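> With numbering that gives the first Met the number 0, the residue at position 122 of the sequence shown is 121, and numbering never jumps.
Ideal Cβ positions, reconstructed from N, Cα and C, are used throughout, including at glycine.
These numbers were taken from a predicted model, which means no experiment stands behind them.
Let me begin by handing over the structure; questions about it come next.
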Amino acid sequence: MIRILGNKLECVWLVYKKKKPIAYSLHYTREKAISRAEKIRKFHSLKAKIVENRELDKKLEKIIEKVLKGEKVLVDVSRYKYNQVYATLLKLQPGKTITYSELANITKLNIYQVIKALTYNPMLIIIPCHRVIRKDKTIGNYTPFGKDFKEKLLYYETKRVKTILS
């Protein structure tokens with residue numbers, strides 16, 4: 000279990016050859032975290048085992064804290080389907096947003112492919128799919144946590160950026 004902005008979340012890992020974590024799944028319940036991990040594994044055709052690992056959870060919590068503080072984290076996205084979506088999102092500065100259609104144009108994918116990539120993000124928050132908004136600048140849903148969690152993440156990042164700049 001990890002904590003993010005006051006939320007307790009269950010975490011399961013997709014691990015390659017018993018050692019290397021290549022993705023993780025977060026959710027409010029263990030069962031839903033496992034179900035989501037299975038969907039991520041299938042979507043990206045990952046040859047990985049689903050495991051729970053408290054040591055990795057602790058490391059992830061620290062990495063996410065760094066990301067939310069605006070620090071860059073190096074992530075190899077080459078093994079993932081529609082990896083250009085993730086690579087583009089990793090270039091976005093904290094507090095900045097991009098629309099689904101802008102992301103589709105940049106990545107040369109159709110909007111449905113972009114949405115699929117976002118739905119099966121293998122590293123939520125680290126790969127900041129929460130920064131993707133609708134064309135009318137409203138906040139869409141956020142798989143798997145919902146709109147409120149997405150608003151909280153964006154508010155936290157925007158507030159932090161404004162504090163640094165003032």
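1. Please report how far the alpha carbon of K16 lies from the alpha carbon of R78, in whole angstroms.
2. Grab me the residues of Y155's own chain with a C-beta within less than 8 Å of its C-beta, minus the 5 sequence neighbours each way, in chain order.
3. Identify the residues that DSSP records as bridge partners of H26: which are they?
4. For R40, write down the residues that DSSP places opposite it in a beta bridge.
5. Could you tell me the distance, in whole angstroms, from the CA atom of L8 to the CA atom of K31?
6. Out of I138, Q83, T87, S24, state which residue places its alpha-carbon closest to the alpha-carbon of N52.
7. Bridge partners of I97, per DSSP?
8. Who are the Cβ neighbours of K151 in its own chain at under 6 Å, not counting the five residues just before and after it?
9. Exposed or buried, M0, counting other C-beta atoms within 10 Å across all chains shown (16 or more means buried)?
10. Excluding the 5 residues preceding and the 5 following Q83 in the sequence, name in chain order all residues of the same chain whose CB lies nearer than 6 Å to its CB.
11. Here's the rule I'm using: 16 or more other beta-carbon atoms within 10 Å means buried, otherwise exposed. How should I110 be labelled?
12. Does the distance from the C-beta atom of I49 to that of V11 stay below 7 Å?
13. Between the beta-carbon of L73 and the beta-carbon of P127, is there less than 7 Å?
Answer, in terms of the structure:
1. Reading the sequence shown from its first residue, position 17 is the one you call residue 16. Reading the sequence shown from its first residue, position 79 is the one you call residue 78. Their Cα atoms are separated by approximately 15 Å.
2. Position 156 of the sequence shown holds residue 155. Closer than 8 Å at the Cβ level, and outside the excluded window around Y155, lie L4, L67.
3. The residue you call residue 26 lines up with position 27 of the sequence shown. Note: H26 sits in a beta bridge opposite E9.
4. Along the sequence shown, one-based indexing puts residue 40 at 41. Answer by DSSP bridge pairing: none, since R40 is not bridged.
5. Locating residue 8 in the sequence shown gives position 9, where the first residue counts as 1. Locating residue 31 in the sequence shown gives position 32, where the first residue counts as 1. Rounded to the nearest angstrom, the two C-alpha atoms are 11 Å apart.
6. Taking the sequence shown and counting its residues from 1, one reaches residue 52 at position 53. With distances taken between Cα atoms, N52 lies closest to S24.
7. In the sequence shown, counting from the first residue as 1, residue 97 sits at position 98. DSSP output for I97 lists V131 as bridge partner(s).
8. Against the sequence shown, residue 151 aligns to sequence position 152. Excluding positions up to five away in sequence, the list reads L4.
9. The sequence position of residue 0 within the sequence shown is 1, counting from 1. Exposed is the call here.
10. Locating residue 83 in the sequence shown gives position 84, where the first residue counts as 1. Taken in chain order, the residues that qualify are T106.
11. Position 111 of the sequence shown, counting from 1, holds the residue named residue 110. Answer is exposed; the Cβ neighbour count stays below 16.
12. By one-based count along the sequence shown, residue 49 stands at place 50. By one-based count along the sequence shown, residue 11 stands at place 12. Contact flag set, yes.
13. The residue given as residue 73 occupies position 74 in the sequence shown. The residue given as residue 127 occupies position 128 in the sequence shown. Going by C-beta atoms, L73 is not nearer than 7 Å to P127.
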